[in-house]
Amino acid sequence: MSLLTEDREPFRLSPMQGMSDQDETDLFSFSGSVGPNGDNRREDVIKVQTLLARTGDFDPDGIFKVPTGWPSNDLYRGIKKFQKRHGKQPDGTLLPIPAGGVDQYGAGETLEALRGVLDEQLAGQKAPTPKQVDAHYE
């Protein structure tokens, strides 16, 4: 499965084998927030860039059109665009889904919406690691 839409240079996602839901390479498992003033862990930013590229809400930079793992205003705008299209508060921040599911304050609702849109399409795929992304650019 390619990382981006089929009309671009593909960055292949690897099939998941024996991964738990909390595995770092699970596309829908985040350790922190992504957005302005977010934790912006590189692994999480790669996942958001990957997911939003698939929905068409983010266009990765560079000639290879693959994620970098580095947060940017373009990424935050992409999060807002997705949130707005899906009836969420467009704040540009993606929060992990709490252990009990989306909470009463909406924590995790953007990621839950992304899962709803992409889970079947990306079933069995895992996110590229920072090491894999860096190797792709070398």
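Per the working numbering, residue 27 is the first one in the sequence shown, and the count goes up by one each step.
Where a beta carbon is used, it is the ideal one built from N, C-alpha and C, also for glycine.
These figures come from a predicted structure and were not determined experimentally.
- Per-residue burial, Val159 [other beta carbons within 10 Å of its own, 16 or more giving buried]: Position 133 of the sequence shown, counting from 1, holds the residue named residue 159. Under this definition Val159 is a buried residue.
- In its own chain, which residues sit with a C-beta less than 6 Å from the C-beta of Pro124, not counting the 5 before and 5 after it? For the purposes of this step, residue 124 is taken as the residue at position 98 of the sequence shown. For Pro124, where only same-chain residues beyond five positions count, the Cβ hits under 6 Å are Ala133, Gly134.
- Item | Extent of the continuous alpha helix (DSSP H) to which Ala161 belongs | By 1-based counting over the sequence shown, the position of residue 161 is 135. Here the alpha helix (DSSP H) through Ala161 covers 156 to 163.
- Give the range of the alpha helix (DSSP H) segment to which Gln109 is assigned. The residue given as residue 109 occupies position 83 in the sequence shown. Per DSSP, Gln109 belongs to the alpha helix (DSSP H) from 99 to 111.
- Message: So the candidates are His162, Gly82, Asp70; which of them puts its Cα closest to the Cα of Val143?
- Response: On the sequence shown, residue 143 is found 117 positions in, with the first residue counted as 1. Among His162, Gly82, Asp70, the Cα nearest to that of Val143 is on Gly82.
- Starting from Lys114 and walking both ways along the alpha helix (DSSP H), at which residues does that stretch end? Taking the first residue of the sequence shown as position 1, residue 114 is located at position 88. Where Lys114 is concerned, there is no enclosing alpha helix (DSSP H), given that its DSSP letter is neither H nor E.
- When you compare each of Lys91, Val128, Val71 to Gly118 by their alpha carbons, which one comes out closest? For the purposes of this step, residue 118 is identified with residue 92 of the sequence shown, where counting begins at 1. The shortest C-alpha separation from Gly118 is found at Val71.
- Excluding five sequence neighbours on each side, which residues of the same chain lie with their C-beta closer than 8 Å to the C-beta of Ser57? Within the sequence shown, numbered from 1, the residue matching residue 57 stands at position 31. Cβ within range, chain order: Glu50, Asp65, Arg67, Glu69, Asp70, Pro122.
- Closest residue to Ser55 among Phe84, Asp87, Ala153, Pro86 (Cα-Cα distance): For the purposes of this step, residue 55 is taken as the residue at position 29 of the sequence shown. Ser55 has its Cα closest to that of Ala153, out of Phe84, Asp87, Ala153, Pro86.
- Please go through the same chain and pick out, in chain order, the residues whose beta-carbon is closer than 6 Å to the beta-carbon of Arg80, but skip the five residues on each side of it. Taking the sequence shown and counting its residues from 1, the one referred to as residue 80 is at position 54. If you ignore the 5 residues before and after Arg80, its C-beta comes within less than 6 Å of the C-beta of Leu144, all in its own chain and listed in chain order.
- Where Leu101 and Arg111 are concerned, what is the direct C-alpha to C-alpha distance, given to the nearest angstrom? If you number the sequence shown from 1, residue 101 lands on position 75. If you number the sequence shown from 1, residue 111 lands on position 85. In a straight line, the C-alpha of Leu101 is about 15 Å away from that of Arg111.
- Message: Can you find the residues in the same chain that come closer than 6 Å, C-beta to C-beta, to Pro97, ignoring five residues on each side of it along the sequence?
- Response: Translated into the one-based positions of the sequence shown, residue 97 becomes position 71. Closer than 6 Å at Cβ, skipping near neighbours: Asn66, Val71.
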